[in-house]
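Peer 1: Shown below is the structure under consideration.
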Amino acid sequence: MRPFEGKSPMKANLVVLLACVMVPALALAQEGQAPGNLNTITGVNVTGGRVEIVGSKKPNFTTFTMTDPPRLVIDISEAVFSGVKEEIAVGNGTITGIRTASYGSDESSIARVLIGYEREVETDIQASGNTLVVTTAGSGGTAVAERPGAAQGTAPAGTAPAGTAPATPGTTAEKAAVAAQTDRQQQEKAAAQSTAAAQDRQQQEKAVAQATAAAQADRQQQEKAAAQAAAAAQAEADAQRQAQARAEADRKAQEESAKGAAQQAQQAEQRRLQEERAAKEAAAAAEKKRQQDEARASAEAKKQLASEEKARRESEAQAAAAEKKRQQDEARASAEEKKRLAAEEREAKLEEARAAAEDRRREQAEARQARVAQAERPRQAPAQGDSADVSSRSKVMTLVGFRPAPSGSRVFVRTNEPVSYNVTQGNKEVVLELENTRISESNNTRSLNTSFFDTAVVSVDADPGPSRTVRVAIKLKEQVQFETRQNGNEVSIEFQSPSRR
20 MRPFEGKSPM
30 KANLVVLLAC
40 VMVPALALAQ
50 EGQAPGNLNT
60 ITGVNVTGGR
70 VEIVGSKKPN
80 FTTFTMTDPP
90 RLVIDISEAV
100 FSGVKEEIAV
110 GNGTITGIRT
120 ASYGSDESSI
130 ARVLIGYERE
140 VETDIQASGN
150 TLVVTTAGSG
160 GTAVAERPGA
170 AQGTAPAGTA
180 PAGTAPATPG
190 TTAEKAAVAA
200 QTDRQQQEKA
210 AAQSTAAAQD
220 RQQQEKAVAQ
230 ATAAAQADRQ
240 QQEKAAAQAA
250 AAAQAEADAQ
260 RQAQARAEAD
270 RKAQEESAKG
280 AAQQAQQAEQ
290 RRLQEERAAK
300 EAAAAAEKKR
310 QQDEARASAE
320 AKKQLASEEK
330 ARRESEAQAA
340 AAEKKRQQDE
350 ARASAEEKKR
360 LAAEEREAKL
370 EEARAAAEDR
380 RREQAEARQA
390 RVAQAERPRQ
400 APAQGDSADV
410 SSRSKVMTLV
420 GFRPAPSGSR
430 VFVRTNEPVS
440 YNVTQGNKEV
450 VLELENTRIS
460 ESNNTRSLNT
470 SFFDTAVVSV
480 DADPGPSRTV
490 RVAIKLKEQV
500 QFETRQNGNE
510 VSIEFQSPSR
520 R
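Every position in the sequence shown, counted from 1, becomes a number in our numbering once 19 is added.
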C-alpha cells in the first residue's frame, strides 16, 4: 500500500471526520448473534506485522486506505462479529492498534476492521479458506515536504528543464534573458497552479459541504435508527420484563397451585386418616357391640335354656305328677273295679250258689238230653236273637262278664234294654254281635283272660264294631257245644265243659 500523494490535508481530514462519525454509530450494530447464513467473525489475531481475521465462511471483502495517520480499512460483506473486542491495542512498532465495528442488518451486515500503522507501509491481503490474512510487505519513509519547483515538476536551479539540453554559459545578457525566461515560466506555472488550486479548493469545499450534509443526514438516520433500536430494545426489554413478570406470576401461581394442591393432598390425607380412624373406631364399636350382643344373646340363650330347662323339669315334674296321679287314679279305678268285680263275682257266686242245686239237676238232665240230641241231630247253625220285642233306639252295653260252672262256663252281656244280636261260630271262636249298640265305659273293652279256668273259654274281648255294633269275640281252647239265649236285658252263651263232650 502506498499513501495517496498529492491529496490535500482538507480531504484527508474529511475522511477522518466521516470515519469518526460513523464508527461509533456503526458499533451499535455489533451486538447480537449472527443469523445462520452470515459470516461470523470470531477472531482478529496479530502476530508481528501479520493480522489474521478468522470467520465461519470464506470472506467477501473490499479495502481502502486512510492517511494521517496511516490506516487500512477492510469491509467484509454479509458478516458480523462474535466475541471480538471493539478496540485491540497492539503497539508492536508496526501496528498501533485495531478497531472493529459493525453496521447494517441481516443480509446487508458489514463487519469493518480498521488497522492503524506507525508509518506508511505496503500490505498484502490474501484469503486462505475462512481466514483473511493481512501481511506487511515493507515500509515506506516518512512524508517530506517538496520544494515548489519540485511540486511543479521543474528541475532545480542550475539545471535545464526536463527534455531540454543544458544551456551553454554565454554572456551576462544571455544569462539574464535565460533567467528572466525561466522566472516567467515559473511564474506562469505558479499562476496556473494557483488557479488550479483555487478550483480544487472550491471543489473541496463543495465536497466538504456535501460530505457534511451527507454525514449530518447519515447521522440523523443513524440517530433515528439508534432511537428506533433503543425503542425496540426498550420495547424488547419491556416485553422481556413483562414476560419475566408473567413468568414470575405464572411461577408464583404454579407455586400457589402446587402449594394448594399439596395442602389439598395433605387435607385429603388427613381426611383419609380421619376416615380410616373413624372406620376403625366404628369397626371397633361395631365389634364391641357385636360382642356385647353376642354376650347378651348368649346370656339370654342361657337364660332361655335355663328357663326351658326349668319349664321342662316343671313339665316333667307335672307330667310325672300327672302320671303318678293317673297311675293312682288307675290304681284306684283298678281297685274299685276289682272291688266291683269282686262284688259282682261274689254276687254271681251267691246267685250261682242259690241256683246251683236246681241248675245242677236241670243241667245234668239237659246234658244227658243234649248228648243224646247231639248225637242224633246235625251241627247247630248260628243263633239269632228275636227282634220282635226290640226297639229301634240305640242300645248301650253296660257289662260283659264270664262265669264258670260245674257243667261248663257262661259268657254274658248286659245292655240297658233288649237288643238284636247274631252269633257266628268259627275255628275255636264264637262271635256275638249286638246290633245298634255302643259301649258305655272303656273298662268294658278290657280283655277278660279266662284261660286259668278249667273251661273251654280262653278269653273274651268286647270292641266297637262297624255300623254301630258291638263285637264280642270269645276264644276257645277247643270246639265245644254252646247255647245262646236272651233273658230280658242279658244275652248269655252257655259253653259245655271240654270233659263233657
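We put the CB at the ideal spot given by N, CA and C, even for glycine.
1) Taking the straight line between their C-alpha atoms, what separation do you get for Ala354 and Ala320?
2) Identify, in the order they occur along the chain, each residue of the same chain with its Cβ nearer than 8 Å to the Cβ of Pro188, setting aside the five sequence neighbours on each side.
3) DSSP three-state label for Pro517, please.
4) What is the DSSP secondary structure of Ser127, reduced to helix, strand or coil?
5) How would you label Lys225, buried or exposed, when you count the other beta carbons within 10 angstroms and need 16 or more for buried?
6) If you draw a straight line from the alpha carbon of Glu300 to that of Arg260, how long is it in whole angstroms?
7) Distance check for Thr81 and Asp94, CA to CA, integer angstroms please.
8) Per DSSP, which one or two residues make a beta bridge with Leu91?
9) What ranges does the alpha helix (DSSP H) occupy inside the region 324 to 375, keeping only unbroken runs of at least 4 residues that lie completely in it?
10) Here's a check: name, in chain order, each residue in its chain whose Cβ is nearer than 8 Å to the Cβ of Gln515, leaving out the five neighbours to either side.
11) Over the uninterrupted beta strand (DSSP E) stretch that includes Lys494, give me the two end residues.
12) Within 10 Å of its beta-carbon, does Arg422 have 16 or more other beta-carbons around it, so buried, or fewer, so exposed?
13) Go ahead and pull the three-state DSSP assignment for Asn79.
14) Using the Cα positions of Val409 and Asn468, report the straight-line distance between them to the nearest angstrom.
15) Spatial neighbours of Gln200 within its chain, please: C-beta separation below 6 Å, excluding the five flanking residues on both sides.
16) Looking only at C-alpha atoms, which of Lys76, Thr86, Ile72 sits nearest to Lys104?
17) Smallest Cα separation from Ala108: which of Val99, Gly102, Thr119, Ala98?
18) State the start and end residues of the unbroken beta strand (DSSP E) segment that holds Thr142.
19) If you draw a straight line from the C-alpha of Gly279 to the C-alpha of Gln263, how long is it?
20) By DSSP, does Asn508 sit in helix, in strand, or in coil?
21) Does DSSP put Ser317 in a helix, in a strand, or in coil?
22) So Thr84 packs on Thr113, CB below 8 Å; how close in whole Å?
23) Hey, could you find the ends of the beta strand (DSSP E) Asp408 is sitting in?
24) Assign Lys344 to buried or exposed, taking buried as 16 or more other Cβ atoms, counted over all protein chains shown, within 10 Å of its Cβ.
25) For the beta strand (DSSP E) that Gln444 lies in, which residues bound it at each end?
26) Which class does Ser470 belong to by DSSP, given the choice of helix, strand or coil?
27) How big is the Cα-Cα spacing for Thr61 and Gly74?
28) So, are the CB atoms of Val450 and Phe431 less than 9 Å apart?
29) Do Asn455 and Thr488 have their C-beta atoms closer together than 9 Å?
30) With distances taken between CB atoms, is the gap from Pro78 to Tyr136 smaller than 9 Å?
31) In its own chain, which residues sit with a C-beta less than 7 Å from the C-beta of Gly484, not counting the 5 before and 5 after it?
32) Do you know offhand how far Asn435's Cα is from Arg412's?
33) Just reading off the beta strand (DSSP E) that Leu57 is part of, what are its end residues?
34) Closest to Ile458 by C-alpha separation, out of Gly445, Lys414, Ile493, Leu495, would be which residue?
35) With burial defined as no fewer than 16 other Cβ atoms inside 10 Å of the residue's Cβ, what is the status of Ser461: buried or exposed?
36) Can you give me the C-alpha to C-alpha distance between Glu288 and Glu275, rounded to a whole angstrom?
Peer 2: Inspection of the coordinates gives the following:
1) For the purposes of this step, residue 354 is identified with residue 335 of the sequence shown, where counting begins at 1. For the purposes of this step, residue 320 is identified with residue 301 of the sequence shown, where counting begins at 1. If I take the Cα positions, the gap works out to 48 Å.
2) Start at 1 with the first residue of the sequence shown, and residue 188 comes out as number 169. Note that Pro188 scores a pLDDT of 45, beneath 50, so its modelled location is shaky and nothing firm can be said.
3) Taking the sequence shown and counting its residues from 1, the one referred to as residue 517 is at position 498. Three-state DSSP puts Pro517 in a helix.
4) Start at 1 with the first residue of the sequence shown, and residue 127 comes out as number 108. If DSSP states are grouped into helix, strand and coil, Ser127 belongs with the helices.
5) As a first step, residue 225 is located in the sequence shown; it is residue number 206 there, counting from the start. Its Cβ having fewer than 16 others within 10 Å, Lys225 is exposed.
6) The count along the sequence shown starts at 1 and reaches residue 300 at position 281. The count along the sequence shown starts at 1 and reaches residue 260 at position 241. The straight-line gap from Cα to Cα measures roughly 57 Å.
7) One-based indexing of the sequence shown puts residue 94 at position 75. One-based indexing of the sequence shown puts residue 81 at position 62. In a straight line, the C-alpha of Asp94 is about 5 Å away from that of Thr81.
8) Walking along the sequence shown from the start, residue 91 turns up at place 72. Thr84, Ile134, per the DSSP bridge assignment.
9) none
10) By one-based count along the sequence shown, residue 515 stands at place 496. Around Gln515: Ala386, Ala389, Ser426, Gly427, Ala475, Val499, Gln500, Phe501.
11) Working through the sequence shown from its first residue, we reach residue 494 at position 475. First-last of the beta strand (DSSP E) with Lys494: 488 to 495.
12) Locating residue 422 in the sequence shown gives position 403, counting from the first residue. The residue in question, Arg422, is buried, as its Cβ has 16 or more Cβ neighbours within 10 Å.
13) The residue labelled residue 79 in the question sits at position 60 within the sequence shown. Correct three-state label for Asn79: coil.
14) For the purposes of this step, residue 409 is taken as the residue at position 390 of the sequence shown. For the purposes of this step, residue 468 is taken as the residue at position 449 of the sequence shown. About 31 Å.
15) Position 181 of the sequence shown, counted from the start, is the residue given in the question as residue 200. Excluding positions up to five away in sequence, the list is empty.
16) Within the sequence shown, the letter at position 85 stands for residue 104. If we check each option's Cα against that of Lys104, Ile72 comes out closest.
17) Sequence index remark: in the sequence shown, residue 108 carries index 89 (1-based). Nearest option by C-alpha distance: Thr119.
18) On the sequence shown, position 123 is the one that residue 142 refers to. Run containing Thr142: 140 to 147, per the beta strand (DSSP E) assignment.
19) For the purposes of this step, residue 279 is taken as residue 260 along the sequence shown, with counting starting at 1. For the purposes of this step, residue 263 is taken as residue 244 along the sequence shown, with counting starting at 1. Each residue's alpha carbon lies about 23 Å from the other.
20) Reading the sequence shown from its first residue, position 489 is the one you call residue 508. Coil, per DSSP.
21) If you number the sequence shown from 1, residue 317 lands on position 298. Helix, per DSSP.
22) Locating residue 84 in the sequence shown gives position 65, where the first residue counts as 1. Locating residue 113 in the sequence shown gives position 94, where the first residue counts as 1. That belief does not hold up - the Cβ atoms of Thr84 and Thr113 are roughly 15 Å apart, past 8 Å.
23) Sequence index remark: in the sequence shown, residue 408 carries index 389 (1-based). Segment: none, Asp408 is in no beta strand (DSSP E) and carries neither H nor E.
24) Counting from one through the sequence shown, the residue named residue 344 turns up at place 325. Burial call: exposed.
25) Residue mapping note: residue 444 aligns to position 425 of the sequence shown, counting from 1. It spans 440 to 445 - the beta strand (DSSP E) in which Gln444 sits, taken as one unbroken run.
26) For the purposes of this step, residue 470 is taken as the residue at position 451 of the sequence shown. DSSP places Ser470 in coil when its eight states are reduced to three.
27) Numbered from 1 along the sequence shown, position 42 holds the residue referred to as residue 61. Numbered from 1 along the sequence shown, position 55 holds the residue referred to as residue 74. Their backbone Cα atoms lie some 6 Å apart in a straight line.
28) On the sequence shown, residue 450 is found 431 positions in, with the first residue counted as 1. On the sequence shown, residue 431 is found 412 positions in, with the first residue counted as 1. No, Cβ-Cβ distance for Val450 and Phe431 is not below 9 Å.
29) Sequence index remark: in the sequence shown, residue 455 carries index 436 (1-based). Sequence index remark: in the sequence shown, residue 488 carries index 469 (1-based). Yes, the pair counts as a contact, with Cβ atoms nearer than the cut-off.
30) For the purposes of this step, residue 78 is taken as residue 59 along the sequence shown, with counting starting at 1. For the purposes of this step, residue 136 is taken as residue 117 along the sequence shown, with counting starting at 1. No, Cβ-Cβ distance for Pro78 and Tyr136 is not below 9 Å.
31) Looking up residue 484 in the sequence shown gives position 465. Counting only Cβ-Cβ distances below 7 Å, and skipping sequence neighbours, we find Glu452, Arg490.
32) To locate residue 435, count along the sequence shown from 1; it is residue 416. To locate residue 412, count along the sequence shown from 1; it is residue 393. For Asn435 and Arg412, the distance between alpha carbons rounds to 11 Å.
33) Taking the first residue of the sequence shown as position 1, residue 57 is located at position 38. Per DSSP, Leu57 belongs to no beta strand (DSSP E) and is neither H nor E.
34) Walking along the sequence shown from the start, residue 458 turns up at place 439. Closest option to Ile458, Cα to Cα, is Lys414.
35) As a working note, residue 461 is residue 442 in the sequence shown. Exposed.
36) Position 269 of the sequence shown holds residue 288. Position 256 of the sequence shown holds residue 275. Distance between the alpha carbons of Glu288 and Glu275 is about 19 Å.
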